[in-house]
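2 protein chains.
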Amino acid sequence: MLSKKTKYGIKALTFLARREDQTPVQIAEIAKSENISIKFLESILLLLRHSGFLGAKKGKGGGYYLIKDPKEINMAKVYRILEGPIALLPCASHNFYEPCDDCTDEATCAVRKLMMEVRDNTLRILENNSLADIAF
Amino acid sequence: MLSKKTKYGIKALTFLARREDQTPVQIAEIAKSENISIKFLESILLLLRHSGFLGAKKGKGGGYYLIKDPKEINMAKVYRILEGPIALLPCASHNFYEPCDDCTDEATCAVRKLMMEVRDNTLRILENNSLADIAF
DNA sequence: CTTTAATCTAGTAAACCGATAGGGTAATAG
DNA sequence: CTATTACCCTATCGGTTTACTAGATTAAAG
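Protein sequence lines correspond, in order, to chains F and Y.
Numbering of the first sequence is given in numbering that gives the first Met the number 0, commencing with residue 0 and proceeding in unit increments.
Numbering of the second sequence is given in numbering that gives the first Met the number 0, commencing with residue 0 and proceeding in unit increments.
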């Protein structure tokens, strides 16, 4: 199940992508529009800024804004930043690989085999979708 | 991420499917072979029995055994029993549908749109895989 | 009938994680 | 200088997962 963090993060990105101009938007405005707790959204937007998706401006007239063109924002990258690994098991992950401590032989592990197939397909979908694809 | 419950459950099913005869196997034997806590595994096997995948025999010479042919065991069903919904969001689920309380319009929700696509593909993979497919 | 071996059941504790709130700091515009 | 807004750190509450403990129940074997 997707965490609320990821859900809210994508919603906020979508909200920004759908705006006509790219002037800064206050956290409170996004929070109100999307029914998200301001404080929680604050931490999410901060993370998205540190990850290079958003820019921020402090003080009067400040707020958050998209740095890149929505067409250039890859949903697989967004997912990894917000949610973490795309794979359902650490041993089936590319970017977050870790061996299972209970497995004796990874090569014959049926769970891993199945979950690798699921991961490959999920990854393909996320990589083929940009923010622009899902926002419009 | 997959819970250990699901991981252990599938591992146990695989272990049983790979056996040549279908005589009962004690919990302890499965637990030892797959490095799983006996008591935790016990609760998982019980669940799988109540769901119609396993049979159990009490007393001396007892244990658990597969009821159906591994070819007839659909991994989507197994997944739903052990892990729950296949969809990453309740609003994108067939069997466990629930509307989001923060969403004003489901039709224009970009997160839902993306997660429905992911779900469709994950579901297709799980349904196309039987226990026999992943065990051998 | 008695013993033994196994499943079944209930309760609970520890650990972890998600979500949120509070409060103070820093930068910016007017 | 003052108001506004993002930034950052800490703590808490609640739920879920994982795991363990202790006993009850059932069935086979001798």
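Quick reminder that beta carbons are idealized off the backbone N, C-alpha and C, glycines included.
The structure displayed is predicted, hence computed values, not measured ones.
Just to make sure I have the definition right: I need the residues of chain Y whose C-beta is within less than 9 Å of the C-beta of M0(F). Which are they? G83, P84, A86, L87, L88, P89
List the residues that DSSP assigns as beta-bridge partners of K56(Y). G62(Y)
Suppose contacts are defined by Cβ-Cβ distances below 8 Å. Is R147(F) in contact with A134(F) by that definition? What is shown of chain F runs 0 to 135, which leaves residue 147(F) out entirely.
Would you decide whether T22(F) is buried or exposed? Buried here means 16 or more other CB atoms lie within 10 Å of its CB. exposed
Give the range of the alpha helix (DSSP H) segment to which S32(Y) is assigned. 26-33
For the structure I just gave you, are there three or more beta carbon pairs, one from the region 86-102 of chain Y and one from the region 44-55 of chain Y, closer than 8 Å? no
Would you please verify whether the beta carbon of E71(Y) is less than 8 Å from any beta carbon of chain F? By this cut-off, E71(Y) is not an interface position.
Nearest to G61(F) by alpha carbon, out of G83(F), V24(F), A86(F)? V24(F)
Identify the residues that DSSP records as bridge partners of N73(Y): which are they? S129(Y)
C-beta atoms of M114(F) and L88(F) nearer than 8 Å: yes
Answer with yes or no whether the minimum CB distance from M114(Y) to chain F is below 8 Å. yes
Under a three-way DSSP split, which group does F135(Y) fall into? coil
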